[in-house]
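All remarks here apply to the structure that follows.
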Amino acid sequence: MKLSEIKEALNRLETIAFQLPNGELVPNHFHVTEVGKITKNFIDCGGTIRKEEVVNFQLWNANDYDHRLHPEKLIHIIKLSEEILEIEDLEIEVEYQAETIGKFGLDFDGKTFLLTTKQTDCLAKGKCEVPTVKEVAKVLQASSCCSPTSGCC
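What follows is the structure, encoded as structure tokens:
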């Protein structure tokens, strides 16, 4: 989800709710403690220099059970961050601490913001020669004593 999309969604909501990938809701007394831009400059395993930028939201729970962040307040925080930090319309990454700090993508189902799982991946598969699923299957088939359809097993 991009920054423009969350602002559009917030304009249609009366309350804000975030749901974890396991279906559990982030307690409704959460705080958004940070809105910022994270820039990651790195070299992948194939030697390519890369740069990634995301907007970061950090959610935090305190024992402030009467706290409720309203959509218009979060829109104000986002707009202030855009102006002062010169944040463009980037993808949003959400940090939330359960046992440790987790990083999540963000989606929206029309009512609730969904924290989505993120996965690592090799960005230089062609250079570091990571075998594809088909290549692994060929190796396994060639190394087996018989084919699954031969009836010998």
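Residue numbering for the sequence shown is 848 to 1000, as defined by this note's numbering.
A virtual CB, placed ideally from N, CA and C, is assigned to each residue, including glycine.
Asked, Found
"Do you know offhand how far phenylalanine 955's Cα is from isoleucine 934's?", "21 Å"
"DSSP three-state label for glycine 794, please.", "The structure shown does not extend to residue 794, since the chain spans only 848 to 1000, so no value can be given for it."
"So, are the CB atoms of threonine 959 and alanine 856 less than 7 Å apart?", "no"
"With a 10 Å radius around its C-beta and 16 neighbouring C-beta atoms as the bar for buried, classify isoleucine 896 as buried or exposed.", "exposed"
"By DSSP, does isoleucine 931 sit in helix, in strand, or in coil?", "helix"
"Let me know if serine 851 comes out buried or exposed under the rule of 16 or more other beta-carbons within 10 Å of its beta-carbon.", "exposed"
"Candidates Glu881, Asp911, Lys887: which alpha carbon is nearest leucine 921's?", "Glu881"
"Quick one: is leucine 872 buried, meaning 16 or more other Cβ sit within 10 Å of its Cβ, or exposed?", "exposed"
"For the ligand ATP, I want to know if leucine 970 counts as a neighbour, meaning its beta carbon is within less than 6 Å of at least one of the ligand's heavy atoms.", "This structure lacks the ligand ATP; in fact it carries no ligand of any kind."
"Helix, strand or coil: how does DSSP classify lysine 926 here?", "helix"
"Would isoleucine 890 be called buried (16 or more neighbouring beta carbons within 10 Å of its own) or exposed?", "exposed"
"Under 7 Å, do glycine 973 and threonine 963 count as touching if we go by C-beta distance?", "no"
"Near valine 901, which residues of its chain fall below 6 Å by C-beta distance, leaving aside the five closest residues on each side in sequence?", "Ile885, Leu937, Glu938, Glu940"
"Can you tell me which of the three DSSP states leucine 953 falls into?", "strand"
"Within 10 angstroms of its Cβ, does isoleucine 853 collect 16 or more other Cβ (buried), or is it exposed?", "buried"
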